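In mature numbering (1 follows the signal peptide of the UniProt record, and there is no 0), the protein residues as written are -21 to -1, 1 to 139.
C-beta: ideal position from N, C-alpha, C; glycine also.
Fair warning: this is a prediction, and the values are worked out from it, not measured in the lab.
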Amino acid sequence: MKLRKILLAVAGLALMLNASAQKSKRYYVAKPGTLVELMTEAEANEITQLTLQGKLNAVDFRHLRDEFKNLQLLDISNASISMYAGKNGTYPNRFYVYPANCIPAYAFCKQMDDSTFVGKETLTRIILSDKTKNIEDAAFKGCKNLKICQIRKKTAPNLL
(Lines of atoms letter the chains of each structure in order from A and count residues from 1; the text may use other names and numbers.)
(Lines give C-alpha, C1' and ligand atoms only; values in the text may rest on other atoms or scores of the structure.)
Protein backbone atom coordinates (compact mmCIF):
# COMPACT_ATOMS: atom_id res chain seq x y z
CA MET A 1 0.00 0.00 0.00
CA LYS A 2 2.83 2.42 0.88
CA LEU A 3 4.67 1.50 -2.30
CA ARG A 4 1.56 2.28 -4.34
CA LYS A 5 1.23 5.74 -2.72
CA ILE A 6 4.90 6.47 -3.37
CA LEU A 7 4.59 5.43 -7.01
CA LEU A 8 1.47 7.58 -7.44
CA ALA A 9 3.24 10.56 -5.87
CA VAL A 10 6.27 10.12 -8.14
CA ALA A 11 4.04 9.78 -11.22
CA GLY A 12 2.10 12.92 -10.25
CA LEU A 13 5.30 14.88 -9.73
CA ALA A 14 6.63 13.75 -13.11
CA LEU A 15 3.42 14.90 -14.81
CA MET A 16 3.60 18.30 -13.12
CA LEU A 17 7.23 18.79 -14.13
CA ASN A 18 6.46 17.81 -17.71
CA ALA A 19 3.46 20.16 -17.83
CA SER A 20 5.52 23.06 -16.50
CA ALA A 21 8.19 22.42 -19.15
CA GLN A 22 5.63 23.00 -21.92
CA LYS A 23 5.52 26.57 -23.22
CA SER A 24 2.50 27.42 -25.33
CA LYS A 25 2.23 30.67 -27.33
CA ARG A 26 -0.24 32.18 -29.78
CA TYR A 27 0.68 34.90 -32.30
CA TYR A 28 -1.12 36.84 -35.01
CA VAL A 29 1.16 37.50 -37.99
CA ALA A 30 -0.26 40.54 -39.78
CA LYS A 31 2.28 40.62 -42.63
CA PRO A 32 3.82 37.54 -44.28
CA GLY A 33 7.51 37.07 -43.46
CA THR A 34 7.40 38.94 -40.14
CA LEU A 35 6.92 36.12 -37.61
CA VAL A 36 10.48 36.44 -36.31
CA GLU A 37 9.89 40.12 -35.45
CA LEU A 38 7.21 39.19 -32.88
CA MET A 39 9.66 37.64 -30.38
CA THR A 40 13.30 37.28 -29.43
CA GLU A 41 15.34 34.24 -30.45
CA ALA A 42 15.44 33.10 -26.81
CA GLU A 43 11.63 33.27 -26.59
CA ALA A 44 11.29 31.33 -29.86
CA ASN A 45 13.62 28.61 -28.57
CA GLU A 46 11.50 28.11 -25.41
CA ILE A 47 8.22 27.53 -27.28
CA THR A 48 7.02 23.92 -27.49
CA GLN A 49 3.43 24.56 -28.66
CA LEU A 50 2.78 27.34 -31.16
CA THR A 51 -0.49 28.56 -32.65
CA LEU A 52 -0.23 30.99 -35.55
CA GLN A 53 -2.98 33.07 -37.10
CA GLY A 54 -2.81 35.59 -39.91
CA LYS A 55 -0.50 35.44 -42.92
CA LEU A 56 2.62 33.31 -43.33
CA ASN A 57 5.05 32.70 -46.17
CA ALA A 58 8.17 30.63 -46.88
CA VAL A 59 10.36 33.05 -44.88
CA ASP A 60 8.27 32.33 -41.77
CA PHE A 61 8.57 28.58 -42.39
CA ARG A 62 12.37 28.94 -42.60
CA HIS A 63 12.35 30.58 -39.17
CA LEU A 64 10.03 27.88 -37.79
CA ARG A 65 12.45 25.26 -39.06
CA ASP A 66 15.71 26.90 -38.00
CA GLU A 67 14.99 28.93 -34.86
CA PHE A 68 12.26 27.22 -32.86
CA LYS A 69 14.58 24.64 -31.28
CA ASN A 70 11.95 22.97 -29.04
CA LEU A 71 8.85 23.21 -31.23
CA GLN A 72 6.69 20.10 -30.84
CA LEU A 73 3.18 21.18 -31.86
CA LEU A 74 2.43 23.71 -34.59
CA ASP A 75 -1.15 24.84 -35.26
CA ILE A 76 -1.57 26.88 -38.45
CA SER A 77 -5.23 25.95 -38.92
CA ASN A 78 -6.27 29.63 -38.83
CA ALA A 79 -3.41 30.98 -40.92
CA SER A 80 -3.09 31.51 -44.65
CA ILE A 81 0.09 30.92 -46.61
CA SER A 82 0.99 33.71 -49.03
CA MET A 83 2.97 33.40 -52.25
CA TYR A 84 6.66 34.27 -51.96
CA ALA A 85 9.41 34.48 -54.58
CA GLY A 86 13.02 34.85 -53.50
CA LYS A 87 16.12 33.35 -51.90
CA ASN A 88 15.09 33.77 -48.24
CA GLY A 89 12.59 30.92 -48.10
CA THR A 90 13.07 27.28 -47.20
CA TYR A 91 14.56 25.99 -50.46
CA PRO A 92 18.32 25.55 -49.99
CA ASN A 93 20.51 28.18 -51.64
CA ARG A 94 18.42 29.22 -54.62
CA PHE A 95 15.70 31.50 -55.89
CA TYR A 96 12.35 29.73 -55.73
CA VAL A 97 8.70 30.64 -56.27
CA TYR A 98 6.56 29.35 -53.39
CA PRO A 99 2.86 29.19 -54.34
CA ALA A 100 0.09 30.42 -52.04
CA ASN A 101 -1.68 27.96 -49.73
CA CYS A 102 1.10 25.37 -50.01
CA ILE A 103 3.42 24.02 -47.34
CA PRO A 104 6.77 25.10 -48.83
CA ALA A 105 9.38 22.70 -50.15
CA TYR A 106 11.86 21.87 -47.35
CA ALA A 107 9.61 23.60 -44.80
CA PHE A 108 10.92 21.44 -41.94
CA CYS A 109 13.94 19.85 -43.62
CA LYS A 110 17.31 21.62 -43.72
CA GLN A 111 20.28 20.99 -45.99
CA MET A 112 23.50 20.63 -44.01
CA ASP A 113 27.03 21.62 -45.11
CA ASP A 114 27.77 18.08 -46.35
CA SER A 115 24.65 18.22 -48.61
CA THR A 116 22.67 15.83 -46.40
CA PHE A 117 19.19 16.74 -45.22
CA VAL A 118 18.01 16.78 -41.61
CA GLY A 119 14.38 17.09 -40.55
CA LYS A 120 13.00 18.95 -37.53
CA GLU A 121 13.14 16.10 -35.03
CA THR A 122 11.31 17.95 -32.23
CA LEU A 123 8.13 18.31 -34.31
CA THR A 124 5.51 15.73 -33.26
CA ARG A 125 2.23 17.25 -34.49
CA ILE A 126 1.11 19.85 -37.02
CA ILE A 127 -2.42 21.11 -37.65
CA LEU A 128 -2.81 22.49 -41.17
CA SER A 129 -5.27 25.03 -42.51
CA ASP A 130 -8.18 23.72 -44.54
CA LYS A 131 -6.94 26.15 -47.24
CA THR A 132 -3.79 24.05 -47.74
CA LYS A 133 -3.77 22.82 -51.35
CA ASN A 134 -0.34 21.19 -51.61
CA ILE A 135 2.49 19.89 -49.48
CA GLU A 136 5.60 20.52 -51.55
CA ASP A 137 8.70 18.40 -52.03
CA ALA A 138 10.50 17.23 -48.87
CA ALA A 139 8.44 19.52 -46.61
CA PHE A 140 8.55 16.98 -43.76
CA LYS A 141 11.53 14.88 -44.91
CA GLY A 142 13.46 13.55 -41.92
CA CYS A 143 10.86 14.64 -39.33
CA LYS A 144 11.28 11.31 -37.54
CA ASN A 145 9.03 12.13 -34.60
CA LEU A 146 6.14 13.67 -36.56
CA LYS A 147 3.19 11.47 -35.62
CA ILE A 148 0.16 13.60 -36.54
CA CYS A 149 -0.40 15.81 -39.58
CA GLN A 150 -3.99 16.98 -39.12
CA ILE A 151 -6.24 18.87 -41.51
CA ARG A 152 -9.92 19.74 -41.15
CA LYS A 153 -11.23 19.21 -44.66
CA LYS A 154 -12.66 16.31 -46.63
CA THR A 155 -9.87 16.00 -49.18
CA ALA A 156 -6.19 15.75 -48.34
CA PRO A 157 -3.71 18.20 -49.87
CA ASN A 158 -1.72 17.07 -52.89
CA LEU A 159 1.77 15.73 -52.17
CA LEU A 160 4.27 17.16 -54.64
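I'd like to check one pair, residue j with residue i: are the Cβ atoms closer than 8 Å?
i	j	result
residue 150	residue 68	Past the boundaries of the shown model lies residue 150; the chain is included only from -21 to 139, so the question cannot be answered.
residue 37	residue 7	no
In terms of alpha-carbon separation, which member of the options lies closest to residue i?
i	options	result
residue 24	2, 82, 31	2
residue 46	10, 71, 87, 75	87
residue 99	11, 114, 7, 120	120
residue 65	56, 55, 76	76
residue 83	112, 131, 56	112
residue 139	125, 117, 123	117
residue 48	19, 56, 132	19
residue 104	70, 132, 32, 50	50
residue 115	31, 97, 85	85
residue 131	11, 54, 10, 71	54
residue 60	72, 92, 96, 31	31
Give the C-beta separation of residue i and residue j to the nearest angstrom, bearing in mind that I take them to be a contact with Cβ-Cβ under 8 Å.
i	j	result
residue 80	residue 110	5 Å
residue 35	residue 58	5 Å
residue 28	residue 52	4 Å
residue 107	residue 122	At roughly 14 Å, the Cβ-Cβ gap does not stay under 8 Å, so residue 107 and residue 122 are not in contact.
residue 39	residue 78	Contact doesn't hold; Cβ gap of about 15 Å is too wide.
May I ask you to report which of helix, strand or coil DSSP gives residue i?
i	result
residue 104	strand
residue 14	helix
residue 93	coil
residue 29	strand
residue 41	helix
residue 24	helix
Legend entry - Runs of beta strand (DSSP E) wholly within the segment 52 to 81 (minimum 3 residues, chain order): 52 to 60, 63 to 65, 75 to 77
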